[in-house]
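Presented below is the structure to which this report refers.
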Amino acid sequence: MGFEYGVAKAQPQVPCYFIFGDSLVDNGNNNNIASLARANYLPYGIDFPGGPTGRFSNGKTTVDVIAELLGFDDYIHPYSSARGQDILRGVNYASAAAGIRDETGQQLGARISMNGQVNNYKNTVSQVVDLLGDEDSAANYLSKCIYSLGLGSNDYLNNYFMPDTYSTSRQYTPDQYADVLIQQYSQQIKTLYQFGARKFVLIGVGQIGCSPNELAQGSPDGSTCVQKINDANQLFNSRLRSLVDDLNNNNDDAKFIYINAYGIFQDIVTSPSSFGVTVVIIACNVPVLCFGELQVPCFFILGDSLVDNGNNNNLETTTKATLWH
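In terms of the numbering used here, the sequence shown is residues 16 to 340.
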């Protein structure tokens, strides 16, 4: 489905855009797998052209907005349906409930972990080589593409802070767990580099202790964020920023950018009027869905019990970083 701007579009700023992540950017990869983490039904997609697609949003995701801003004439296809020449524009590998660790999210059923997403990318690279004729041409082409990575949230919400299901909180202190996550994430990033990636956007974990599900289950008053969760994921973010610095220092032919999702959320919550926001957070205490009988389009920072509802994705994206080209 193309963008309907009514005007001819120039070439995009980059030839392709590859996306790795979880439910915040999944656009359909979980639709046909045995998972509870699916969004291919109403009210998801209620404001998206064509209705539900598998996006965990009422409308666009952040990567949809980025694709528009980069000048693509269509959204990046999910790996599950990307075929032929489509892959030369990029592929979305994201999978709801996915984490850096393979076991993360297993209580929700099937999902594609970051390791699985990296393996799927390797398959894509082989196809790009076939399409372009040789490895050198493919490497040159892929070096011009943007690679967006945003994982880690589920490694906390659907792993570390579920002690009845996972043992990680007994194995590791929060500091140790952040170290373990970053060590594995670093290897995954380096594998992408080995397979041609050169322009990386690494997105930190947002204030997941303020997510509606955590407010409903762990907040003393239903509105105060769960600080121990935010503190833990800030340990991860701090290490991710350091990793970005190290990667830039040690790879002269590549560029790594860190996106402070935690700070962006804080800016919106702290100064809502600066962003034209009247209602800042409405947390629904009903698991999974956040729509009653009366469905009124509005602006929420957070939507259902798991992820934000998408209305703020345009705002969040445009407050992040100007991507190079």
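No residue lacks a Cβ here, since even glycine has one placed at the ideal position from N, Cα and C.
In this chain, the beta strand (DSSP E) harbouring I274 covers K270 to I274. A buried status is given to S72, since no fewer than 16 other beta-carbon atoms sit within 10 Å of its beta-carbon. Per DSSP, the beta-bridge partners of P93 are N107. The Cβ atoms of T119 and D170 sit closer than 8 Å to each other.
In the displayed model, L207 falls within a helix according to three-state DSSP.
Per DSSP, the beta-bridge partners of G124 are S50. As computed with DSSP, S163 is found in a beta bridge with I34 and V216. The beta strand (DSSP E) runs lying completely inside the stretch 214-265 and spanning 3 residues or more are 214-218, given in chain order. Under the 10 Å beta carbon count, Q198 is surrounded by fewer than 16 other beta carbons and is classified as exposed.
By the Cβ neighbour-count rule, G105 is buried, with 16 or more other Cβ atoms within 10 Å of its own. Boundaries of the alpha helix (DSSP H) harbouring R185: T183 to Q186, taken from the DSSP string. Between F210 and L164, the C-beta gap is not smaller than 8 Å, which leaves the two residues out of contact. E229 counts as buried, since no fewer than 16 other beta carbons sit within 10 angstroms of its beta carbon.
Ranked by Cα distance from A212, the first of T68, K137, F87 and G65 is K137. Beta-bridge partners assigned by DSSP to R70: N42.
Excluding five sequence positions before and after N55, the CB atoms of its chain that fall closer than 6 Å to its own CB belong to N46, P67 and G69, given in chain order. The continuous alpha helix (DSSP H) containing V140 extends over residues M129 to L147. CA-to-CA, the gap between H92 and N107 works out to about 6 Å.
Between N275 and G219, the CB-CB gap stays under 8 Å. Across the structure, K75 and S257 are spaced so that their CA atoms are roughly 31 Å apart.
Taking L157 as the centre and dropping the five residues before and after it, the same chain places the C-beta of G211 closer than 6 Å to its C-beta, in chain order. Here G291 is exposed. Its C-beta has fewer than 16 other C-beta atoms within 10 Å. For T77, the enclosing alpha helix (DSSP H) begins and ends at T77 to L85.
At the C-beta level, L103 and V144 stay beyond 8 Å of one another. Non-local beta-carbon contacts of I61 in its own chain, meaning distances under 6 Å to residues more than five positions away in sequence, involve N73 in chain order. Counting only residues of its own chain and dropping the five nearest sequence neighbours on each side, L147 has a CB closer than 7 Å to the CB of A153 and Y156. In the three-state reduction of the DSSP assignment, G99 falls in the helix class.
Residue environment: R116 is assigned as buried (16 or more neighbouring CB atoms within 10 Å of its CB, all protein chains considered).
Using a 10 angstroms sphere on the CB of P227, the tally of other CB atoms reaches 16 or more, which defines it as buried.
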